[in-house]
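Residue numbers (my numbering): 31 to 304.
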């Protein structure tokens, strides 16, 4: 993408950055994060698939469990995850600060604390915390990929992509890492390279809907909205698909049409033109 693209497109890329970090940090979730332990209220579906009403209900139940035992690491981590899913990043960070104080040596707690810091915009602190959660003899690819997403948010694309490649060395063809790598190229305007990685990610057997929604966004940004809509509708309920398609339309139809975005991406920029 060239320098001639508009402020609107830059806003789209900022949205892509948010999508990237959400995917990367969600990728750090474990089975415990999905509320399967006995002392934590169990959920009927993964957090990522809940609608707003279900999220609020689950958050209320986990909040009550947290109030009863704020030192419990599993309850605290799960509650903070739900708070972030509800957009309550500041509260999630406060919860994880307390849980981390109570469990200073717990690797899962440190990882979750780093996620909360990143979601709250404290990127350098998040890198430091996630680094403390990592162990050199047993490196966790999820944490390495999360570090990449944070570095991308800090504008350090080259460092971020190296972290993604480090993660792929440990977990080859992992769709969440490939998706993060693709979205990294979105942030620097290289939509063609981004699509290559995102198609590879979406083609993996374990790819989830978030990976395909990132692919739909990149395809739509290149002006191929019918194809983007087809991707966005795969494996989702009609209600979820309609919501995703409406979001894509809203992002891609304001101020610049998809055709304009694609034309500008194909036309070499004139560095002497203001």
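Just so you know, even glycine gets a beta-carbon here, dropped at the ideal spot from N, CA and C.
Residue i - DSSP class collapsed to helix/strand/coil
i: residue 259; result: helix
i: residue 239; result: helix
i: residue 133; result: coil
i: residue 102; result: coil
i: residue 117; result: coil
i: residue 267; result: coil
i: residue 166; result: coil
i: residue 202; result: coil
i: residue 252; result: coil
i: residue 279; result: helix
i: residue 218; result: coil
i: residue 126; result: helix
i: residue 150; result: coil
i: residue 191; result: helix
i: residue 196; result: helix
i: residue 86; result: helix
Continuous alpha helix (DSSP H) stretch holding residue i: start and end
i: residue 305; result: Past the edges of the chain, shown from 31 to 304, lies residue 305, and the structure says nothing about it.
i: residue 178; result: 171-183
i: residue 156; result: 153-163
Whole-number beta carbon distance between residue j and residue i, since they are thought to touch under 8 Å
i: residue 160; j: residue 178; result: About 11 Å separates the two Cβ atoms, so there is no contact after all.
i: residue 207; j: residue 175; result: 5 Å
i: residue 248; j: residue 225; result: 5 Å
i: residue 258; j: residue 278; result: 6 Å
i: residue 231; j: residue 209; result: 4 Å
i: residue 166; j: residue 200; result: 13 Å between Cβ atoms; not a contact.
i: residue 126; j: residue 110; result: 5 Å
i: residue 119; j: residue 141; result: With 8 Å as the limit, residue 119 and residue 141 do not qualify as a contact, their Cβ atoms being about 16 Å apart.
i: residue 182; j: residue 190; result: 4 Å
Beta-carbon contacts of residue i that lie in its chain and below 6 Å, excluding the five residues immediately before and after
i: residue 234; result: 203 and 205
i: residue 113; result: 121 and 122
i: residue 223; result: 215
i: residue 62; result: Because residue 62 carries a pLDDT of 35, less than 50, the predicted location of this residue cannot be relied on, and no value is offered for it.
i: residue 90; result: none
i: residue 136; result: 103
Contacting residues, own chain, Cβ-Cβ under 7 Å from residue i (five flanking each side not counted)
i: residue 101; result: 132
i: residue 99; result: 105
i: residue 68; result: A caution first: residue 68 carries a pLDDT of 36, below 50, which makes its placement in the model too unreliable to give a value.
i: residue 184; result: 153
i: residue 236; result: 205
i: residue 157; result: 177 and 180
Cβ-based neighbour list, residue i, same chain, cut-off 8 Å, excluding 5 preceding and 5 following
i: residue 274; result: 243, 246, 262, 263 and 266
Near the ligand SAM: residue i beta-carbon under 7 Å from a heavy atom
i: residue 172; result: The ligand SAM is not part of the structure shown, which contains no ligands of any sort.
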